[in-house]
Every structure is written in C-alpha cells, then in structure tokens.
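Below: the structure, in structure tokens.
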Amino acid sequence: MEYTISKAICERWFEKLQDNLQTDVVIVGGGPSGLICAAELAANGIKTCLIEGKLAPGGGMWGGAMLFNTIVVQSEVLPILDRYGISYRQAEQGFYTVDAVEATSALIYRAAHEGAAIFSGISMEDVLHKDERVCGVVINWTPVAKLGMHVDPLSLCSTIVLDATGHPSEVVSVLTRKNPVQLNLPGNTMAYEGSMNAEAGEKACVEYTGEIYPGLYVSGMAACGVSGSNRMGPIFGGMLLSGVKAATLIRQSLAGGRQ
Ligand code: 48F
C-alpha cells in the first residue's frame, strides 16, 4: 500500500511540474492579488502556474490586522465577493468586514479549482531575461534557500510573469539588480514603498497594476511599492481589483500575440 501511495503522489506531482515547465503565465506569490489573478486567468483557459514560497498560499490575508483575522473591503468589490461566494457584513458607510479565513480559502480554492497549477514551498530566486524580455522564472525549494544549500535551480518558461510578491516586490528587485533595465514606471526605475496612507495606497495599487517591462507585470502591494506609492494596511479591495485588472491586461496581451 505504501508503495502505491508514494507512486501515485510522485506520478501526479511530476506530471504537474512537467506540464508547467512552459506556460502562458507564471504568477510569483499567492497573496490575494496573485490568487485572484490565477483564478481569473485559469477560468478563461489561460495556462497559469502560481509559485508560493510558503507552505500555504494566502499571503497577508490570513492575518487580517495584527492577527485579528478580519479584513475590510469597500463596496465596489462586493460583486467580486459575490462571484467568489465570500460573505460580508456592512460596517461604516461604504465599508464591509469579511472573515479573513473564508476570503483567503475561497481565493485559494477557486484558483486551484479553475485549473491554475499551484506550487507551494517553492521560491522564485531569479528571472529568465533574454532579448530584453522577461520570459520565465528560476525556482528552488524555499528550505534550500533558507538553509543556504548550494543547489542549482530549475527554470519555468512563460510568455508572461506576474510579480505578486507583495511588499518586497521580489521579481522586479531581482530583475533590476541583475540587469540594466528601464522600467515603465515614474522615473523609469523601481521606487520604494511609502508609509501608510490607505486612500492613496488603495488607488495606486490598481492604477500601477500592469506591464512594467516586456513580459513582466506587477500587481497588488508589489505594484504599489515599485511605483513609490503608500502601503494601505488591512483593507483588501485594492488587492482584489488589482488581481482582476492584471488578469484582464494579461488576457488582452496574450490574445493580441496569438492573432
Ligand atoms: O503580501 P501578499 O499578500 O501580496 P498581495 O497580493 O497582498 C498584499 C496584502 O496581503 C497586504 C496588504 C493589504 O492591503 O498590504 O500586504 O500584494 O502575498 C505575497 C506572497 O508572495 C510570496 C509570499 O510568501 C506571499 O505569500 N512570495 C514572496 N516572495 C516570493 C514569494 C518568492 N520569491 N517566491 C515565491 N513566493
């Protein structure tokens, strides 16, 4: 029996890995913006793979604020919550509270159920950068990186990479650290996140969601940070709107390329 269990897991997992060595989209980071983007892309037939460095996807949504696992959203995202079967309760005018566990698990379930391939415990450590375009990511086991083991990585090739790594904007950081690139951002360069300002941050994370270098998109807190905008704390409407916007832009780009 043990042999059968182990063989079944290995066969299925390696089939998933092999099937995703070349994809349409690699999303780095399984926070709210990456997860909802993965769900929207996969639901529309885009071959999508999501890499999450930790064991469980969900990013900063599980913890609410200061471990009070409740989040706040604005009325404009209620249609998205309805679409994802996430319940909410009215707070002050225009604001709603949502159970962080229900919201996070719903996003994870939908991304996986729609067919996005989710790999956890695997971190992006570099990008593939050829002919002035990002065309994939370099990955390794998170524990390998944490233990400082000298182990070479594997690569995932893709038409598009989305940096959804939140505050550290790790994909953009590694691209700019290793390559002399100009980004489609104010000042053509990567900026750093400003202090808390919920109104400004919520607006900026949607506004700056998009392609900042050929093949490389940013969403969520990464979009906010690299554009030099503010953090916004435990309000998550902007994250959901950003992920949906990223999916729409990526779909348009892929559809244009296939004509
Ligand atoms: O930070 P995170 O939740 O990203 P987000 O979608 O949402 C931000 C909010 O949670 C919060 C906020 C709310 O208003 O400000 O911060 O922008 O999730 C980012 C995910 O990326 C993973 C990380 O473990 C987290 O789950 N991640 C970060 N770096 C890497 C990575 C990496 N190099 N490889 C793989 N995953």
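So this note's numbering is basically just the index in the sequence shown, starting at one, shifted up by 790.
Positions of the beta carbon are idealized from the N, C-alpha and C atoms, including for glycine.
| Query | Result |
| --- | --- |
| Quick check: the Cα distance between T979 and V961, rounded to an integer number of angstroms? | 14 Å |
| Between M1011 and T794, what straight-line distance do the alpha-carbon atoms span, to the nearest angstrom? | 43 Å |
| Less than 7 Å between the C-beta atoms of A893 and I876, yes or no? | yes |
| Determine the burial state of R967: buried for a count of at least 16 other Cβ atoms within 10 Å of its Cβ, exposed for fewer. | exposed |
| Quick one: what's got a C-beta closer than 7 Å to V964's C-beta in the same chain, skipping five residues either side? | D916 and V917 |
| Threshold first: 4 residues or longer. Then list the alpha helix (DSSP H) segments lying entirely within the region 835-885, N to C. | 868-873 |
| Check whether the Cβ of P943 lies closer than 6 Å to any heavy atom of the ligand 48F, and answer yes or no. | no |
| In whole angstroms, what is the alpha-carbon distance linking Q1049 and V928? | The pLDDT assigned to Q1049 is 48, lower than 50, so where the model puts this residue is not dependable; a value taken from the coordinates is nonetheless given after this. Rounded to whole angstroms, Q1049 to V928 spans 29 Å at the Cα level. |
| So is Y982 buried or exposed if we call it buried at 16+ other beta carbons inside 10 Å? | exposed |
| Could you please give me the residues that DSSP links to W931 through a beta bridge? | I912 |
| For L1061, which residues of its own chain have a beta-carbon under 8 Å away from its beta-carbon, when the five flanking residues on both sides are left out? | Summary: the structure shown does not reach residue 1061, with the chain confined to residues 791 through 1049, and so no result is reported for it. |
| Taking the alpha-carbon positions, what's the V862 to F1026 distance? | 6 Å |
| Along the chain, where does the alpha helix (DSSP H) containing S895 start, and where does it finish? | A890 to H903 |
| Go to L781, then tell me how far its alpha helix (DSSP H) extends in each direction, as first and last residue. | The chain is shown only over 791 to 1049; residue 781 falls outside these bounds and no answer can be derived. |
| Please confirm whether any heavy atom of the ligand 48F lies closer than 6 Å to the CB of A988. | no |
| Is I799 near the ligand 48F, going by C-beta to nearest heavy atom under 6 Å? | no |
| May I ask you to check if the CB of I841 is nearer than 6 Å to at least one heavy atom of the ligand 48F? | yes |
| Got a sec: does the ligand 48F put a non-hydrogen atom nearer than 6 Å to the Cβ of E780? | Outside the displayed span of the chain (791 to 1049) sits residue 780, for which this structure offers no information. |
| Reducing DSSP to helix, strand and coil, say where T979 ends up. | coil |
| With hydrogens ignored, establish whether the beta-carbon of G1015 is closer than 6 Å to any heavy atom of the ligand 48F. | no |
| Taking 6 Å as the cut-off, does the CB of E866 come closer than this to any heavy atom belonging to the ligand 48F? | no |
| Answer yes or no: do M851 and A890 have a C-beta to C-beta separation smaller than 7 Å? | yes |
| Find the nearest neighbour of S1019 within the set N969, N987, V888 and G1005, judged by alpha-carbon distance. | N987 |
| In the DSSP assignment, find the alpha helix (DSSP H) that holds V1016 and state where it starts and stops. | G1010 to V1016 |
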